[in-house]
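Everything in the sequence shown is counted per the working numbering, starting at 2 for the first residue and increasing by one.
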Amino acid sequence: MAVLKQKTKYFPSRDYKLLLLFFLFPLIYGCGMTPYRSDFSCPPTYSGICASPIDAYNDSVNDIDPRQFDPRWQKKRKKWEEKNKELLEARKQAALKKQESSAEAPNYRAELFRELRDLIEAPETPVVIPPKIVRALVLGTPDGKMYVAPHYVFFMLDEPRWVLRKIPERLIPASFTVSTSQKSRTAGEVRVNAK
């Protein structure tokens, strides 16, 4: 008896190799193509200032224009100013009119900040005005086979609220009276009347 040995394939067929290569190649190639590069931060054609974000922020906060130290930029600026004298004069006139109008009308933002500053600097602290709570006595009432025992009912006339500044005291009624009628006694109702 002859044993026939089958030929086993350890490697996938050619079609699988091509398919694997087709999907693997873009994956490997794509990892090397990141769109973010750090070796140049300003393009060579850019005519402005190329600075780090921290330096640009510090210059803007301190109102420093780094271009004023660049002689090439100063020459360009002088040529532009000579050509556009009328435009610069019109801009100056508009700025003067704007300053005059803003001096006449109160600045909303400045007024808001002044009010907030006054609130922060005020020695008074915010307080909570407590609610008015009323306690009403419900008398015991027989109702057929049931007897409702006397008990109290508490309810709020108004809600608590925060106060950020002094307000005049509200007039609080001196006393409350509880009146019940024969009809309300059987139903267990209580009416609260303020004097």
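The beta-carbon is built from N, C-alpha and C at its ideal position, and this holds for glycine as well.
Which residue comes first and which comes last in the beta strand (DSSP E) that contains residue i?
{"i": "Arg136", "result": "134-139"}
{"i": "Arg118", "result": "Run containing Arg118: none in the beta strand (DSSP E); it sits in the alpha helix (DSSP H), 109-122."}
Is the beta carbon of residue j closer than 7 Å to that of residue i?
{"i": "Pro54", "j": "Asp60", "result": "no"}
{"i": "Leu138", "j": "Tyr148", "result": "no"}
{"i": "Pro199", "j": "Pro151", "result": "Here the chain covers residues 2 to 196 and nothing more, so residue 199 does not appear."}
{"i": "Val135", "j": "Leu113", "result": "no"}
{"i": "Trp163", "j": "Pro127", "result": "yes"}
May I ask you to list the residues that DSSP assigns as paired with residue i?
{"i": "Tyr148", "result": "Pro143"}
{"i": "Tyr153", "result": "Leu138"}
{"i": "Ile130", "result": "Arg162"}
If I follow the unbroken alpha helix (DSSP H) through residue i, where does it start and stop?
{"i": "Ile55", "result": "54-62"}
{"i": "Arg68", "result": "Where Arg68 is concerned, there is no enclosing alpha helix (DSSP H), given that its DSSP letter is neither H nor E."}
Here's the rule: buried if 16 or more other CB atoms are within 10 angstroms of the residue's CB, otherwise exposed. What is residue i?
{"i": "Tyr17", "result": "exposed"}
Just checking: is the beta-carbon of residue i within a distance shorter than 7 Å of some beta-carbon in chain C?
{"i": "Gln75", "result": "Among the chains of the structure shown, chain C does not appear; only one protein chain is present."}
At a threshold of 6 Å, does residue i count as lining the ligand MN (C-beta to nearest heavy atom)?
{"i": "Lys86", "result": "Absent from the structure shown: the ligand MN. Ligands present: none."}
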